[in-house]
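In numbering that gives the first Met the number 0, the protein residues as written are 0 to 113.
Glycine residues also receive a C-beta, built at the ideal position from the N, C-alpha and C atoms.
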Amino acid sequence: MPTWDQQQLCIGATFSVAATNGQDATRRVSIEGFCQSVDYLFASVQDALEGELGGEVLMQERQLKSGLHEVLKLTVAVPFLFGVPPQLEVLNEAIREGGGAVERIRHLWLMQRA
Numbered sequence: 000m001p002t003w004d005q006q007q008l009c010i011g012a013t014f015s016v017a018a019t020n021g022q023d024a025t026r027r028v029s030i031e032g033f034c035q036s037v038d039y040l041f042a043s044v045q046d047a048l049e050g051e052l053g054g055e056v057l058m059q060e061r062q063l064k065s066g067l068h069e070v071l072k073l074t075v076a077v078p079f080l081f082g083v084p085p086q087l088e089v090l091n092e093a094i095r096e097g098g099g100a101v102e103r104i105r106h107l108w109l110m111q112r113a
């Protein structure tokens, strides 16, 4: 059986991670991409959140589409996500270590009237 490194990237699995700082829901970062295994990606992100960032997974949703396509959707809380230095790079590194390839990162700031 080939290892994960020998198999390279399987496009059959996609992910999206919606991150907030846990206090201000009007500021979010959305990370989307492809991964080899949703299980490896989830384990890597969860380890980084609990170990390095002091955050947590708020919601996890797994879907199986068309028999082969797996989708992982995570909502996570990362303290100091928008601090100095921002903790987004630690989250990106956890995604890469879990076999993920980031396709798009979106920053969302919702403005509210006082």
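Beta-carbon proximity check, residue i vs residue j, cutoff 8 Å
i           : j          : result
residue 89  : residue 52 : yes
residue 16  : residue 44 : yes
residue 59  : residue 80 : no
residue 75  : residue 56 : yes
residue 77  : residue 54 : yes
residue 109 : residue 29 : no
Where residue i falls, given that 16 or more other Cβ within 10 Å makes a residue buried
i           : result
residue 104 : exposed
residue 36  : buried
residue 97  : buried
residue 25  : exposed
Opening and closing residue of the beta strand (DSSP E) in which residue i lies
i           : result
residue 92  : It is not in any beta strand (DSSP E) - residue 92 instead sits in the alpha helix (DSSP H) that spans 87-96.
residue 71  : 68-76
residue 58  : 55-64
residue 24  : It is not in any beta strand (DSSP E) - residue 24 carries neither H nor E in the DSSP assignment.
residue 103 : 99-108
residue 79  : That residue, residue 79, is in no beta strand (DSSP E); it is neither H nor E in DSSP.
Nearest to residue i (by Cα), restricted to the options the options
i           : options        : result
residue 11  : 62, 28, 82     : 62
residue 111 : 96, 65, 97, 23 : 23
residue 95  : 33, 20, 109    : 33
residue 82  : 14, 21, 13     : 21
residue 27  : 93, 92, 87, 97 : 87
residue 47  : 19, 25, 67, 92 : 92
residue 38  : 85, 14, 19, 29 : 14
Range covered by the alpha helix (DSSP H) that runs through residue i
i          : result
residue 42 : 37-47
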